[in-house]
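Residue numbers (my numbering), protein chains in the order written: chain A, 184 to 452; chain B, 256 to 523. Just so you know, even glycine gets a beta-carbon here, dropped at the ideal spot from N, CA and C. Every value quoted in this text rests on a predicted model; they were computed, and no experiment measured them.
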């Protein structure tokens with residue numbers, strides 16, 4: 184019972200933290216919509232000047248809907264704890280956790296989920312408002328029946344993204360300065376996940392290469408469910424792949440962490 | 256005479272600031288590489304975007320795909336200057352105001368605005384922008400199949416200089432609310448987003464947006480005007496406007512700074 188208690192407490196830390204900065208998260212979602220405005224103009228110009236109505240497999244309204252959903256989903260699944268882990272390792276704060284009867288990974292997971300609970304509510308509101316407004320401007324079909332599967336897949340996507348960035352953070356054991364690595368991997372992973380543009384737009388070759396990576400299952404896959412681009416068989420298959428990647432990266436992260444702890448020098452005392 | 260003396264003094268101090276930065280890089284080499292890596296990732300992101308448009312091979316309102324490459328390149332060159340020379344200082348400004356660190360700078364016998372504007376640089380971010388941007392720029396231009404006269408080049412260079420001054424003035428003004436509100440994280444993101452509107456030819460934005468972006472908040476003059484002048488696709492009134500508009504904006508940044516600094520509370 185006590186064991187659960189301490190993780191419940193970690194969950195509460197995350198929850199309180201995101202309650203404190205809830206407006207900041209809201210603003211960051213709103214800010215992420217601005218690039219969509221640029222894209223709106225650019226693609227509108229491309230579509231009106233093109234003889235085709237479907238480019239890269241997307242109609243104009245389909246693409247716009249994708250971009251709006253992608254900016255909200257990528258904000259929602261985003262991790263943001265990499266700097267904290269890096270600082271814990273670099274400055275020796277990790278020592279605190281070593282002497283505590285608590286697993287660092289579990290602490291991070293529960294804290295992360297506490298944080299995501301508030302983010303989930305905010306994302307949901309933003310998503311609802313933006314999709315409803317867009318529905319008035321562009322006409323498109325939303326399959327409401329798929330909402331339930333979408334949420335299920337989204338939760339798995341959040342866990343998967345957590346694992347990816349947790350594994351990435353372990354690089355801090357070997358590199359003292361890591362901020363450039365964090366920024367660049369965030370950007371590259373976002374592109375590879377379909378957070379910038381639908382993967383089909385990147386070209387057939389790139390898309391087929393990206394199929395071998397876990398990234399597309401964090402943003403592209405959940406959205407394609409909502410946009411009714413995949414059959415129910417593909418959905419089930421996709422969920423299995425999500426779970427496969429979560430387990431694989433979890434094992435990888437544990438191994439990396441174990442190796443890293445041997446390198447840990449507990450700087451600063 | 257005094258003006259010359261002052262100018263010499265400021266150039267001397269500017270050189271010292273650059274030297275300090277280079278010394279900093281040698282001490283903390285990792286930072287240089289981190290700047291290089293993160294900026295390269297940003298460039299990759301822009302490239303994906305530019306090539307996605309380029310690949311459609313659609314001529315947008317008379318704007319050829321080659322022009323899109325060239326403007327993306329030109330914008331990257333200016334981004335190299337923006338992130339390399341201005342951005343760090345603008346980001347530091349709000350921290351300095353919040354923590355009361357301006358106190359120390361206020362006491363120095365040179366302009367405070369100069370001190371907060373040109374103290375830190377990010378050369379690691381400039382290099383990849385110049386290399387990739389320059390390449391895109393020349394590839395785009397060579398694909399356009401046009402003849403460029405010496406006159407075009409001169410106007411291009413002048414408009415690039417005026418773009419740099421405008422960049423400084425507009426984004427400096429954008430940071431000034433930091434004197435009134437404490438957290439300016441959202442201002443920074445607006446700054447970055449506004450900057451990237453220039454990544455594309457201004458013609459694609461709506462008529463009203465272009466008017467606002469040229470005449471009220473002259474953001475579109477940056478990146479767009481120099482290239483349009485180089486390929487001879489802009490009327491001379493607009494060139495004159497582009498060349499002179501930085502002056503009032505530079506003055507405005509000075510005036511607003513003077514007003515804002517009165518609200519400095521020297522916290523802590």
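Quiz item: Since residue 423 of chain B and residue 341 of chain B are thought to touch, with beta carbons under 8 Å apart, how far apart are those beta carbons, to the nearest angstrom?
Solution: Stepping through the second chain from its first residue, residue 423 of chain B is reached at position 168. Stepping through the second chain from its first residue, residue 341 of chain B is reached at position 86. About 6 Å separates the CB atoms of residue 423 of chain B and residue 341 of chain B; that is less than 8 Å, so the two are in contact.
Practice problem: Could you please give the first and the last residue of the uninterrupted alpha helix (DSSP H) stretch that includes residue 304 of chain A? | Solution: As a working mapping, residue 304 of chain A is identified with position 121 in the first chain. That run of the alpha helix (DSSP H) goes 287-320.
Quiz item: Would DSSP call residue 372 of chain A helix, strand or coil?
Solution: Position 189 of the first chain, counting from 1, holds the residue named residue 372 of chain A. Residue 372 of chain A falls in the helix class under three-state DSSP.
Quiz item: Hey, out of B:454, B:475, B:451, B:450, whose CA is closest to residue 462 of chain B's CA?
Solution: On the second chain, position 207 is the one that residue 462 of chain B refers to. Ranking B:454, B:475, B:451, B:450 by Cα distance to residue 462 of chain B puts B:475 first.
Practice problem: Determine whether the Cβ of residue 440 of chain A lies closer than 8 Å to any Cβ atom of chain B. | Solution: By one-based count along the first chain, residue 440 of chain A stands at place 257. Residue 440 of chain A does not count as touching chain B.
Quiz item: If we ignore side chains and look at the alpha-carbon of each, how far apart do residue 576 of chain B and residue 307 of chain B end up?
Solution: Lying before the first or after the last residue shown, residue 576 of chain B is absent from chain B, which here runs from 256 to 523.
Quiz item: Quick one: which chain A residues come within Cβ less than 8 Å of residue 531 of chain B?
Solution: This structure cannot settle anything about residue 531 of chain B, because the visible part of chain B is limited to 256 through 523.
Quiz item: Looking at residue 352 of chain B and residue 434 of chain B, is the spacing between their C-beta atoms short of 8 Å?
Solution: Taking the first residue of the second chain as 1, we reach residue 434 of chain B at position 179. Taking the first residue of the second chain as 1, we reach residue 352 of chain B at position 97. Taking 8 Å as the Cβ cut-off, residue 434 of chain B and residue 352 of chain B qualify as a contacting pair.
Quiz prompt | residue 265 of chain A classed as buried or exposed, judged by whether at least 16 other C-beta atoms fall within 10 angstroms | solution = Taking the first chain and counting its residues from 1, the one referred to as residue 265 of chain A is at position 82. Answer is buried; the Cβ neighbour count reaches 16.
Quiz item: If you run the structure through DSSP and keep just helix, strand and coil, what is residue 347 of chain A?
Solution: Along the first chain, one-based indexing puts residue 347 of chain A at 164. Residue state, collapsed to three classes: helix.
Exercise. Give the residues of chain B in contact with residue 263 of chain A, contact being defined as C-beta atoms less than 8 Å apart.
Key: Numbered from 1 along the first chain, position 80 holds the residue referred to as residue 263 of chain A. Near residue 263 of chain A there are no residues of chain B at all, since even the closest Cβ is about 13 Å away, more than 8 Å.
Quiz item: Under a CB-based cut-off of 8 Å, is residue 409 of chain A close to chain B?
Solution: Locating residue 409 of chain A in the first chain gives position 226, where the first residue counts as 1. It does not: the Cβ of residue 409 of chain A has no partner Cβ on chain B nearer than 8 Å.
Quiz prompt | Interface residues of chain A facing residue 395 of chain B [CB-CB closer than 8 Å] | solution = In the second chain, residue 395 of chain B corresponds to position 140, counting from 1. The premise fails here: residue 395 of chain B is roughly 16 Å from chain A at the closest Cβ pair, so nothing lies under 8 Å.
Exercise. With a 10 Å radius around its C-beta and 16 neighbouring C-beta atoms as the bar for buried, classify residue 296 of chain B as buried or exposed.
Key: Position 41 of the second chain, counted from the first residue, corresponds to residue 296 of chain B. Residue 296 of chain B should be labelled buried.
Quiz item: So who's on the other strand from residue 241 of chain A, going by DSSP bridges?
Solution: Counting from one through the first chain, the residue named residue 241 of chain A turns up at place 58. Residue pairing by DSSP places residue 241 of chain A opposite A:238 in a beta bridge.
Exercise. Give the DSSP bridge partners of residue 318 of chain B, in chain order.
Key: Here residue 318 of chain B refers to the residue found at position 63 when the second chain is read from its first residue. Beta-bridge pairing by DSSP links residue 318 of chain B to B:315.
Practice problem: Measure the C-alpha to C-alpha separation of residue 291 of chain B and residue 383 of chain B and round it to an integer number of angstroms. | Solution: Your numbering for residue 291 of chain B matches position 36 in the second chain. Your numbering for residue 383 of chain B matches position 128 in the second chain. Approximately 7 Å between the Cα atoms of the pair.
Exercise. Using a Cβ cut-off of 7 Å, pull out every chain B residue sitting near residue 200 of chain A, in sequence order please.
Key: Here residue 200 of chain A refers to the residue found at position 17 when the first chain is read from its first residue. In chain B, no part has a C-beta under 7 Å from the C-beta of residue 200 of chain A; the shortest such distance is about 16 Å.
Quiz item: Does the separation of the CB atoms of residue 358 of chain B and residue 375 of chain B fall below 8 Å?
Solution: Along the second chain, read from residue 1 onward, the residue named residue 358 of chain B stands at position 103. Along the second chain, read from residue 1 onward, the residue named residue 375 of chain B stands at position 120. No, these two residues do not count as a Cβ contact at 8 Å.
Self-check item: Contact list for residue 228 of chain A against chain B, beta-carbon separation under 7 Å
Solution: In the first chain, residue 228 of chain A corresponds to position 45, counting from 1. Those within 7 Å of residue 228 of chain A in chain B are 315, 316, 459.
Quiz prompt | Distance, residue 242 of chain A Cα to residue 189 of chain A Cα | solution = Along the first chain, read from residue 1 onward, the residue named residue 189 of chain A stands at position 6. Along the first chain, read from residue 1 onward, the residue named residue 242 of chain A stands at position 59. Taking the straight line joining both Cα atoms gives about 50 Å.
Practice problem: Kindly indicate if chain B contains any beta-carbon less than 8 Å away from that of residue 363 of chain A. | Solution: The count along the first chain starts at 1 and reaches residue 363 of chain A at position 180. Yes, because at least one Cβ of chain B sits closer than 8 Å to the Cβ of residue 363 of chain A.
Exercise. Tell me, please, whether the CB atom of residue 446 of chain B is closer than 8 Å to any CB atom in chain D?
Key: Of the protein chains in the structure, A and B, none is chain D.
Exercise. Give the DSSP-derived three-state secondary structure of residue 488 of chain B in the structure shown.
Key: Locating residue 488 of chain B in the second chain gives position 233, where the first residue counts as 1. Coil.
Quiz item: If residue 497 of chain B sits next to residue 417 of chain B, beta carbons under 8 Å apart, how far is it from one beta carbon to the other, in whole angstroms?
Solution: As a working note, residue 497 of chain B is residue 242 in the second chain. As a working note, residue 417 of chain B is residue 162 in the second chain. Sure, about 6 Å apart at Cβ, within 8 Å.
Quiz item: Does the Cβ-Cβ distance between residue 198 of chain A and residue 301 of chain A come in under 8 Å?
Solution: Here residue 198 of chain A refers to the residue found at position 15 of the first chain. Here residue 301 of chain A refers to the residue found at position 118 of the first chain. Taking 8 Å as the Cβ cut-off, residue 198 of chain A and residue 301 of chain A qualify as a contacting pair.
Quiz item: Is the shortest distance between the beta-carbon of residue 281 of chain B and the beta-carbons of chain A less than 8 Å?
Solution: Here residue 281 of chain B refers to the residue found at position 26 of the second chain. Not one chain A Cβ lies under 8 Å of residue 281 of chain B.
Quiz item: Going along the chain, which residues of its own chain have a beta-carbon closer than 6 Å to the beta-carbon of residue 413 of chain A, five neighbours each way excluded?
Solution: The residue given as residue 413 of chain A occupies position 230 in the first chain. In the same chain as residue 413 of chain A, and ignoring 5 residues on each side of it, the C-beta atoms closer than 6 Å to its own belong to 407, in chain order.
Quiz item: Just reading off the alpha helix (DSSP H) that residue 271 of chain B is part of, what are its end residues?
Solution: Locating residue 271 of chain B in the second chain gives position 16, counting from the first residue. Counting along the chain, the alpha helix (DSSP H) containing residue 271 of chain B begins and ends at 257-282.
Exercise. Kindly list the residues whose CB is nearer than 8 Å to the CB of residue 313 of chain A, restricted to its own chain and excluding five residues on each side of it in sequence; keep chain order.
Key: Walking along the first chain from the start, residue 313 of chain A turns up at place 130. The answer, listed in chain order, is 216, 251, 255.
Quiz item: So is residue 382 of chain A in contact with chain B if we call contact Cβ pairs under 8 Å?
Solution: Counting from one through the first chain, the residue named residue 382 of chain A turns up at place 199. Not an interface residue.
Quiz item: Got a sec? Which residues, its chain only, sit under 6 Å from residue 343 of chain B by beta carbon, not counting five neighbours each side?
Solution: Position 88 of the second chain, counted from the first residue, corresponds to residue 343 of chain B. Excluding residues within five positions, the ones whose Cβ falls inside 6 Å are 375, 377.
Exercise. Please check if any C-beta of chain B sits within less than 8 Å of the C-beta of residue 360 of chain A.
Key: For the purposes of this step, residue 360 of chain A is identified with residue 177 of the first chain, where counting begins at 1. It does; some Cβ of chain B falls within 8 Å.
Quiz item: Using 8 Å as the threshold, is the stretch 338-346 of chain A in touch with the stretch 419-439 of chain A, meaning 3 or more CB pairs across them?
Solution: Output reads yes: the stretch 419-439 of chain A touches the stretch 338-346 of chain A.
Quiz item: Of all the residues that make up the stretch 266-290 of chain B, which are near chain A by a beta-carbon distance shorter than 7 Å?
Solution: Along the stretch 266-290 of chain B, the positions whose C-beta sits under 7 Å from a C-beta of chain A are 285, 286, 288, 289, 290, read in chain order.
Practice problem: Please determine, among A:380, A:419, A:395, A:283, the residue with the shortest C-alpha to C-alpha distance to residue 335 of chain A. | Solution: As a position in the first chain, residue 335 of chain A is number 152, starting the count at 1. Of A:380, A:419, A:395, A:283, the residue nearest in Cα terms is A:419.
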